[in-house]
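Below is one structure, written out as structure tokens; the observations come after it.
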Amino acid sequence: MITLTEENYIKSIYQLGRYGTLTVSTNSIAEALETKASSVTDMVKKLAEKGYANYKRYQGVSLTPQGKKIAADVVRKHRLWEAFLVEKLNFTWDEVHDIAEQLEHIKSEKLINELDKLLDYPTHDPHGDPIPDKNGDIKKTDKTLLFNLAENTKGVCVGVKDTSSSFLKYLDKHKIALGSEITVVSREDFDDSMVIEINNLKMSISQTVANNLFVKEG
731 MITLTEENYI
741 KSIYQLGRYG
751 TLTVSTNSIA
761 EALETKASSV
771 TDMVKKLAEK
781 GYANYKRYQG
791 VSLTPQGKKI
801 AADVVRKHRL
811 WEAFLVEKLN
821 FTWDEVHDIA
831 EQLEHIKSEK
841 LINELDKLLD
851 YPTHDPHGDP
861 IPDKNGDIKK
871 TDKTLLFNLA
881 ENTKGVCVGV
891 KDTSSSFLKY
901 LDKHKIALGS
911 EITVVSREDF
921 DDSMVIEINN
931 LKMSISQTVA
941 NNLFVKEG
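Start counting the sequence shown at 731; every next residue gets the next number (this note's numbering).
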């Protein structure tokens, strides 16, 4: 029987490793989970013993096929619940993460499959992150950070890198949402801030904001 804590570690390794394709360091896991590196080492050893992870000292951690399946299931549940809360219960996108963190550990496969059906099989959550299907497959979107766009280039907002409540509220304040068309008007050499045009209005954004918005160019 896998524990809630083990699921959280497996999910963190999965996400830090770009959906299980890369090996990640114990320090990066410790930072993501806000815990001690020694605690991470103890846990990844336990995960390796259970067949969920591969761990070699000084080389990092990767997931086994079994670990990837568990991680994809947890991520799927989390993102489906976020979509449900926004689409059906009128939550805003800055309110759903902590609730979904609790709901992602529900074990009923039938419940999650019915939830997926109810939502008409969404491919992305309210923040633009891809939702794994029931087989763990992910439909990836061709995207880049807004910061990477050249001047006089357009892009459509397809996701956010920072899903914190404060950042999402900032975007709401400035009416930046998924689907918004953004044009890079100019870039300031001094601090890499940008002037962008969105909703027929021009505004200045910081490098931090530009590095936390995913866009699809064109």
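The beta-carbon is built from N, C-alpha and C at its ideal position, and this holds for glycine as well.
What does DSSP give as the partner residues of residue i in its beta bridges?
{"i": "A783", "result": "L793"}
{"i": "L875", "result": "F944"}
{"i": "K884", "result": "T913"}
{"i": "H854", "result": "P860"}
{"i": "G889", "result": "F944"}
{"i": "V754", "result": "V791"}
Here's the rule I'm using: 16 or more other beta-carbon atoms within 10 Å means buried, otherwise exposed. How should residue i be labelled?
{"i": "M731", "result": "exposed"}
{"i": "K840", "result": "exposed"}
{"i": "T893", "result": "buried"}
{"i": "R748", "result": "exposed"}
{"i": "I836", "result": "exposed"}
{"i": "S896", "result": "exposed"}
{"i": "D846", "result": "buried"}
{"i": "A880", "result": "exposed"}
{"i": "L901", "result": "buried"}
{"i": "N942", "result": "buried"}
{"i": "G909", "result": "exposed"}
{"i": "G948", "result": "exposed"}
{"i": "R809", "result": "buried"}
{"i": "L876", "result": "buried"}
{"i": "L752", "result": "exposed"}
{"i": "L734", "result": "exposed"}
{"i": "T822", "result": "exposed"}
Measuring CB to CB, does residue i end up less than 8 Å from residue j?
{"i": "E834", "j": "W811", "result": "yes"}
{"i": "V791", "j": "Y785", "result": "yes"}
{"i": "V939", "j": "K932", "result": "no"}
{"i": "V945", "j": "T871", "result": "no"}
{"i": "L777", "j": "S758", "result": "no"}
{"i": "G750", "j": "L819", "result": "no"}
{"i": "A799", "j": "G866", "result": "The question names Ala, yet the displayed sequence has Lys at residue 799. Result yes, Cβ atoms of K799 and G866 sit closer than 8 Å."}
{"i": "E911", "j": "K891", "result": "no"}
{"i": "K976", "j": "D824", "result": "There is no way to answer for residue 976, as the model of the chain reaches only from 731 to 948."}
{"i": "A760", "j": "V770", "result": "yes"}
{"i": "V754", "j": "I740", "result": "no"}
{"i": "A813", "j": "L849", "result": "yes"}
Can you find a C-beta in chain B that's less than 8 Å from the C-beta of residue i?
{"i": "D919", "result": "Among the chains of the structure shown, chain B does not appear; only one protein chain is present."}
Note down, one range per segment and in chain order, each beta strand (DSSP E) of at least 3 residues found wholly within the stretch 898 to 945. Counting whole runs of 3 or more residues, the stretch 898 to 945 contains the beta strand (DSSP E) stretches 911 to 917, 924 to 928 and 931 to 935.
Stretch pair the stretch 850 to 858 + the stretch 911 to 921: three plus CB contacts closer than 8 Å: The stretch 911 to 921 and the stretch 850 to 858 do not touch, with fewer than three beta-carbon pairs separated by less than 8 Å.
Okay, do the stretch 861 to 868 and the stretch 796 to 814 touch, 3+ Cβ pairs below 8 Å being the bar? They touch, by the three-pair rule.
Pick out the complete beta strand (DSSP E) segments inside the stretch 789 to 853, 3 residues or longer, and give them in chain order. Listed in chain order, the beta strand (DSSP E) elements of length 3 or more contained wholly in the stretch 789 to 853 are 790 to 793.
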